[in-house]
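Residue numbers are given in numbering that gives the first Met the number 0: position 279 of the sequence shown equals residue 278, and the series is strictly consecutive. C-beta atoms are modelled at their ideal positions from N, C-alpha and C, and glycine is treated no differently. Since we're looking at a predicted model, the values are computed, not measured. Step one of this worksheet: look at the structure below.
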Amino acid sequence: MKHKKLFIPGPVEVSEEVLKVLSTPMIGHRSSEYSALQESVTKKLQQMMYTQNPIILSASSGTGLMEMAIRCTTVKRAIVFAMGAFGKRWYEIAVGNGIPADKHEVEWGQPITPDIVEQYLSTGKYDVATITHNETSTGVMNNLEELAPVFQKYPDVVWCMDTVSSLGGVKIEVDKIGVDVCVSSSQKALGLPPGLSLASVSAKAKERAAKVGTRGYYFDMLLLLKYIEERKFQYPSTPVIPHIFALDFQMDRILKETPEGRFKRHEELAALVQNWARKHFKMFANEKYASKTVTCIENTTGFSVKDLNTELGNRGFMISNGYGSLKEKTFRIAHMADLQKADVQELLGEIEDILKLS
Ligand SMILES: Cc1ncc(COP(=O)(O)O)c(C=O)c1O
Numbered sequence: 000m001k002h003k004k005l006f007i008p009g010p011v012e013v014s015e016e017v018l019k020v021l022s023t024p025m026i027g028h029r030s031s032e033y034s035a036l037q038e039s040v041t042k043k044l045q046q047m048m049y050t051q052n053p054i055i056l057s058a059s060s061g062t063g064l065m066e067m068a069i070r071c072t073t074v075k076r077a078i079v080f081a082m083g084a085f086g087k088r089w090y091e092i093a094v095g096n097g098i099p100a101d102k103h104e105v106e107w108g109q110p111i112t113p114d115i116v117e118q119y120l121s122t123g124k125y126d127v128a129t130i131t132h133n134e135t136s137t138g139v140m141n142n143l144e145e146l147a148p149v150f151q152k153y154p155d156v157v158w159c160m161d162t163v164s165s166l167g168g169v170k171i172e173v174d175k176i177g178v179d180v181c182v183s184s185s186q187k188a189l190g191l192p193p194g195l196s197l198a199s200v201s202a203k204a205k206e207r208a209a210k211v212g213t214r215g216y217y218f219d220m221l222l223l224l225k226y227i228e229e230r231k232f233q234y235p236s237t238p239v240i241p242h243i244f245a246l247d248f249q250m251d252r253i254l255k256e257t258p259e260g261r262f263k264r265h266e267e268l269a270a271l272v273q274n275w276a277r278k279h280f281k282m283f284a285n286e287k288y289a290s291k292t293v294t295c296i297e298n299t300t301g302f303s304v305k306d307l308n309t310e311l312g313n314r315g316f317m318i319s320n321g322y323g324s325l326k327e328k329t330f331r332i333a334h335m336a337d338l339q340k341a342d343v344q345e346l347l348g349e350i351e352d353i354l355k356l357s
């Protein structure tokens, strides 16, 4: 099967070097060698996430640790701030776990504003708030500098944030802004295959978890932390060792590029795609909050996104259709992980050629 270079918002294109590291011979997960590996990855992630908090590495995709976050920290009631499909997922997780929760949904394409957060947190009804940093379905990225002061005003509220499609591509200063549980997945801006998720967990979130009666088993935050703290960087069940080898290697590459350099590259790629979108179509997202990792573009000319993708596939590329009800009305181009300017320029050139854009 001919490989299609992926410009979809996960899974992303994974470098040859990282793919090779995935086939490293296995080590025992209770060995000191394994602990050293997990510790090494943790230190590197802490550097990129600007945090001192412990980091859970889970053998699940990001949704698993989203479930851990909301389930293990809600005693009273959670408020879910949703601006698209993945925001709504937090609410579905809460409902599925019998967690009392409310949802505030904004129009797709719009961000969550500080006023909205203030409106809910000021009621005193909630002890958990969840938010999506970068909404992959709409290409909207919330502004954390605007939002953080509101969350900081309410220290009794545990702030859980989904950074699945932004961590590794956008600067997220976890400790400075005060995110309690910051969740992400391997298959997006970090540039690995799917199958591993990670979360930093604050002392506040841990204290809260101790007050939650039923935390489940696989995603019991306290059990996961216990294996990091008491068993010195281990995991309660068998960890996804190939991915952890690959993440350790990829983190070296990220730190070599430098986090700042990587974030700047993502900004440049985003600007390139956004300018192209404005020239030929229209941005779907509120421009002020346009994502730095994925651009959602309005299909203003009514071409078939499905047919475009078929032809792109023949040429060795793949983009994404719009999400859910936005299918065919929008299309999405991801510009994350290890993609370079030349990769994106090549893709845009192919689209121009197929759609005869000038
Ligand atoms: C913003 C966002 N949140 C959550 C998820 C779910 O992550 P996972 O598929 O790793 O469970 C996704 C997946 O695309 C996403 O884009």
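Leaving aside the five residues before and after residue i along the sequence, list all residues of the same chain whose C-beta is less than 8 Å from its C-beta, in chain order.
i	result
Leu307	Ile318, Phe330, Ile350, Ile353, Leu354
Leu221	Cys71, Lys205, Ala208, Ala209, Arg214
Lys328	Glu297, Asn298, Gly321
Asp251	Lys43
Ala289	Gly138, Val139, Met140, Ala269, Gln273, Met282
Pro154	Lys203
Arg261	Gly167, Gly168, Ile253
Quick one: what's got a C-beta closer than 6 Å to residue i's C-beta in the same chain, skipping five residues either side?
i	result
Glu117	Val149
Gln151	Gly177
Ile55	Ala198, Leu223
Ile171	Thr162
Leu195	Ser185, Val239, His242
Ile227	Pro53
Ser57	Gly63, Leu64, Ser196
Could you check where the beta strand (DSSP E) with residue i kicks off and where it finishes?
i	result
Arg101	The sequence given here places Asp at residue 101; Arg does not occur at that position. 100-104 is the span of the beta strand (DSSP E), which, as asked, contains Asp101.
Leu56	54-57
Ile359	Because the chain in this structure spans residues 0 to 357, residue 359 falls outside the shown range and cannot be described.
Glu297	293-297
Under the three-state reduction of DSSP, which class applies to residue i: helix, strand or coil?
i	result
Leu195	coil
Ser39	helix
Ala270	helix
Ala128	strand
Thr50	coil
Phe6	coil
Met65	helix
Ala209	coil
Asn96	coil
Met250	helix
If you drop the 5 nearest sequence neighbours on each side, which residues of the same chain put their C-beta closer than 7 Å to that of residue i?
i	result
Glu134	Met82, Gly83, Phe85, Gly86
Rounded to whole angstroms, how far is the Cβ of residue i from the Cβ of residue j, which I believe are closer than 8 Å?
i	j	result
Leu271	Val163	No, Leu271 and Val163 are not in contact; Cβ-Cβ is about 23 Å, not under 8 Å.
Val156	Val127	7 Å
Ala198	Met67	7 Å
Val74	Gly108	Val74 to Gly108, Cβ: 34 Å. No contact.
Ala245	Val17	5 Å
What are the boundary residues of the alpha helix (DSSP H) that residue i is part of?
i	result
Phe327	Going by the sequence as given, residue 327 is Glu instead of Phe. Counting along the chain, Glu327 falls outside any alpha helix (DSSP H), and DSSP gives it neither H nor E.
Glu117	113-120
Glu286	Run containing Glu286: none; DSSP gives neither H nor E here.
Which residue spans inside the stretch 161-186 form an unbroken beta strand (DSSP E) run of at least 3? Qualifying beta strand (DSSP E) stretches, in chain order: 180-184.
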